[in-house]
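Notes follow the structure.
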Amino acid sequence: ETGVTQSPTHLIKTRGQQVTLRCSSQSGHNTVSWYQQALGQGPQFIFQYYREEENGRGNFPPRFSGLQFPNYSSELNVNALELDDSALYLCASSIKFSTGLGNEQFFGPGTRLTVL
Amino acid sequence: AQKVTQAQTEISVVEKEDVTLDCVYETRDTTYYLFWYKQPPSGELVFLIRRNSFDEQNEISGRYSWNFQKSTSSFNFTITASQVVDSAVYFCALSVPPDKLIFGTGTRLQVFP
Chain P
1319 ETGVTQSPTH LIKTRGQQVT LRCSSQSGHN TVSWYQQALG QGPQFIFQYY
1369 REEENGRGNF PPRFSGLQFP NYSSELNVNA LELDDSALYL CASSIKFSTG
1419 LGNEQFFGPG TRLTVL
Chain F
88 AQKVTQAQTE ISVVEKEDVT LDCVYETRDT TYYLFWYKQP PSGELVFLIR
138 RNSFDEQNEI SGRYSWNFQK STSSFNFTIT ASQVVDSAVY FCALSVPPDK
188 LIFGTGTRLQ VFP
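Here's what the structure looks like:
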């Protein structure tokens, strides 16, 4: 069984640019969540996609957007990059059979984004 | 407000010592889940345990044990006979609608030989 994979591993961008991060969910999982982890902090919830629709969003501005594809893989797009966007971006996949809580989320290795 | 507090920023122990990582949470929901994750230097979060709000039984898994007390809103994690491989950052997290995880700031555990 293939786990959650993310690409690229590392990325360097300059302020004002746009970036797309990719995530392949674990086989059979229908839900993808994205988290931002700044250095020395815990991960912060960005948003979640369930069956290709956004299913909740954290306190992040609209320039953070996402997509989930029919094969349940996902993209995170960030426009107009700011220095504070430098962080580790983690993708997590899970199986959600309803709108229930507590589904175990399996995390990928993350993408380290540096904004100069 | 929903919040997870891990007051211990960093803990250092010598191998074979027991160590307890504290976690205090806040939520008004009556149904919720609590998690512990381990983050080694590689960065990937590794699932350790999930507990729902209706199950206050303590759990033991090998050298790991968890103590869940709703009365004090705590979900503490104990490693018995710590090993160097236990060195990592440990996160406590609360699952709230729509099944998002709210993480604490983490506790960095360093186990020295």
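Chains P and F are the protein sequences, given in the same order. Per our numbering, the first sequence runs over residues 1319 to 1434. Per our numbering, the second sequence runs over residues 88 to 200. Cβ coordinates follow ideal geometry from the N, Cα and C atoms, glycine included. For clarity, every value in this text was computed on a predicted model and none was experimentally measured.
Residue span of the beta strand (DSSP E) that contains residue i, given as start and end
i	result
Tyr-171 of chain F	Reading the sequence as shown, one finds Val at residue 171 of chain F and not Tyr. Neither: Val-171 of chain F is in no beta strand (DSSP E) and is coded neither H nor E.
Arg-138 of chain F	133 to 139
Tyr-1407 of chain P	1405 to 1412
Ser-99 of chain F	97 to 101
Ser-1392 of chain P	1392 to 1396
Gln-197 of chain F	194 to 199
Asn-154 of chain F	151 to 156
Thr-1338 of chain P	1337 to 1342
Gln-89 of chain F	No beta strand (DSSP E) contains Gln-89 of chain F, which DSSP labels as neither H nor E.
Gln-1423 of chain P	It is not in any beta strand (DSSP E) - Gln-1423 of chain P carries neither H nor E in the DSSP assignment.
Pro-160 of chain F	The question names Pro, yet the displayed sequence has Ser at residue 160 of chain F. No beta strand (DSSP E) holds Ser-160 of chain F; DSSP gives it neither H nor E.
Gly-1321 of chain P	Segment: none, Gly-1321 of chain P is in no beta strand (DSSP E) and carries neither H nor E.
His-1280 of chain P	This structure leaves residue 1280 of chain P out entirely; chain P is present only between 1319 and 1434.
Asn-1373 of chain P	1371 to 1375
Contact belief for residue i with residue j at Cβ below 8 Å, rounded distance in angstroms
i	j	result
Gly-130 of chain F	Gly-1428 of chain P	5 Å
Arg-1381 of chain P	Ala-1398 of chain P	5 Å
Asn-1421 of chain P	Asp-186 of chain F	6 Å
Arg-195 of chain F	Thr-92 of chain F	About 16 Å separates the two Cβ atoms, so there is no contact after all.
Ser-161 of chain F	Val-111 of chain F	5 Å
Exposed unless 16 or more other CB atoms sit within 10 angstroms - verdict on residue i
i	result
Val-106 of chain F	buried
Asn-1373 of chain P	buried
Pro-1326 of chain P	exposed
Ala-175 of chain F	buried
Ala-180 of chain F	buried
Asp-173 of chain F	buried
Ile-147 of chain F	exposed
Gln-144 of chain F	exposed
Ser-169 of chain F	buried
Asp-1403 of chain P	buried
Leu-1434 of chain P	exposed
Arg-138 of chain F	buried
Chain P residues whose Cβ lies nearer than 9 Å to that of residue i
i	result
Asp-186 of chain F	Thr-1349, Ser-1351, Gln-1366, Tyr-1368, Asn-1373, Gly-1374, Ser-1412, Lys-1414, Thr-1417, Gly-1418, Leu-1419, Gly-1420, Asn-1421 and Gln-1423
Phe-178 of chain F	Gly-1360 and Pro-1361
Ser-161 of chain F	The contacting residues do not exist; Ser-161 of chain F stays about 17 Å from chain P at best.
Under 7 Å from the C-beta of residue i: neighbouring residues of chain F
i	result
Gln-1359 of chain P	Thr-192
Partners in chain F for residue i, counting only beta-carbon separations shorter than 8 Å
i	result
Phe-1363 of chain P	Lys-187, Leu-188 and Ile-189
Per-residue contacts from residue i into chain P (C-beta, under 8 Å)
i	result
Glu-131 of chain F	Phe-1425, Gly-1426, Pro-1427 and Gly-1428
Partners in chain F for residue i, counting only beta-carbon separations shorter than 9 Å
i	result
Leu-1408 of chain P	Gly-130, Glu-131 and Leu-132
Does the structure place the segment 114 to 125 of chain F close enough to the segment 1398 to 1410 of chain P that three or more beta carbon pairs sit under 8 Å?
The segment 1398 to 1410 of chain P, when compared against the segment 114 to 125 of chain F, does not touch it at the 8 Å Cβ threshold.
Review point. Below 8 Å, can you find three or more Cβ-Cβ pairs linking the segment 1358 to 1376 of chain P to the segment 1321 to 1333 of chain P?
Key: Verdict: no, contact absent.
**Message:** Does the contact criterion of 3 or more C-beta pairs under 8 Å hold for the segment 1360 to 1369 of chain P versus the segment 96 to 116 of chain F?
**Reply:** The answer is no - the segment 96 to 116 of chain F does not touch the segment 1360 to 1369 of chain P, with fewer than three Cβ pairs under 8 Å.
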